[in-house]
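Engineer:
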Amino acid sequence: MKAVSISQFRDLCHQHGWAVTHQRQIIFETLMAMPGHPSPEEVFERVRKKIPAISLATVYKTIHTFLDSGTFGEVSIHHGSLRVDRNNRPHHHLVCTRCKSIIDIDDADLEPVRLRKSLPGGFRVQRYAVEILGLCAKCIARSQTHPEM
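Counting from 1179, one number per residue, gives the positions in the sequence shown under our numbering.
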């Protein structure tokens, strides 16, 4: 993910009606710099190096502000802790059932998903996400070298 300038961050805050705060900016910059799909706890550990007095609650609240606005997405929470998804392009996820790592897979790499009938209760689909569950390459390699795992 490319770096975001301070002016772009300020524009984002203005667009959503948020106050431009130092804490919000550091959390945003940290999220943008982290690879993969970080958890709030992982973000907190990095942010705390720059703002030692920050609380985990503040990091969670700020991340939820970003999620609620659509600035970032949320990876399915059934795999443990909330995970932040910075990828706004249509995509899906490969989820390792052992280590819980999450890898993006481009929407174009899957066949189209279609519903065969209407959904109950007038449910209207806004988007769909596919999770492919299995073992990542690291866990496969570990199980081959340590079969008891």
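Backbone N, C-alpha and C fix where the C-beta goes; we use that ideal spot for every residue, glycine too. Because the structure is a prediction, the values reported are computed rather than measured.
#1: Starting from the Cα of E1289, find the closest Cα among V1303, V1273, F1301 and A1307 and give me that residue.
#2: Can you tell me which of the three DSSP states C1277 falls into?
#3: Would you decide whether I1204 is buried or exposed? Buried here means 16 or more other CB atoms lie within 10 Å of its CB.
#4: With C-beta atoms as the reference, is I1229 less than 8 Å away from Q1201?
#5: Between K1239 and D1282, what straight-line distance do the alpha-carbon atoms span, to the nearest angstrom?
#6: Tell me, which residues are paired with R1261 by DSSP?
#7: Would you be able to state if there are at least three C-beta pairs under 8 Å between the segment 1209-1224 and the segment 1262-1273?
#8: Would you mind stating whether I1241 and V1221 have Cβ atoms separated by less than 8 Å?
#9: At 4 residues or longer, what runs of the alpha helix (DSSP H) sit wholly inside the segment 1284-1327?
Structural biologist: The answer reads as follows:
#1: Within the sequence shown, numbered from 1, the residue matching residue 1289 stands at position 111. Comparing Cα-Cα distances from E1289 to each of V1303, V1273, F1301 and A1307, the minimum goes to A1307.
#2: The residue you call residue 1277 lines up with position 99 of the sequence shown. Residue state, collapsed to three classes: coil.
#3: Mapped onto the sequence shown, residue 1204 falls at position 26. Its Cβ being crowded by 16 or more others within 10 Å, I1204 is buried.
#4: Position 51 of the sequence shown, counted from the first residue, corresponds to residue 1229. Position 23 of the sequence shown, counted from the first residue, corresponds to residue 1201. Closer than 8 Å, so yes.
#5: Counting from 1 along the sequence shown, the entry for residue 1239 is found at position 61. Counting from 1 along the sequence shown, the entry for residue 1282 is found at position 104. The alpha-carbon atoms of K1239 and D1282 are separated by roughly 25 Å.
#6: What you label residue 1261 is simply residue 83 of the sequence shown in a count that begins at 1. In the DSSP output, where bridge partners are listed per residue, R1261 has V1253.
#7: yes
#8: Working through the sequence shown from its first residue, we reach residue 1241 at position 63. Working through the sequence shown from its first residue, we reach residue 1221 at position 43. Yes, these two residues count as a Cβ contact at 8 Å.
#9: 1315-1323
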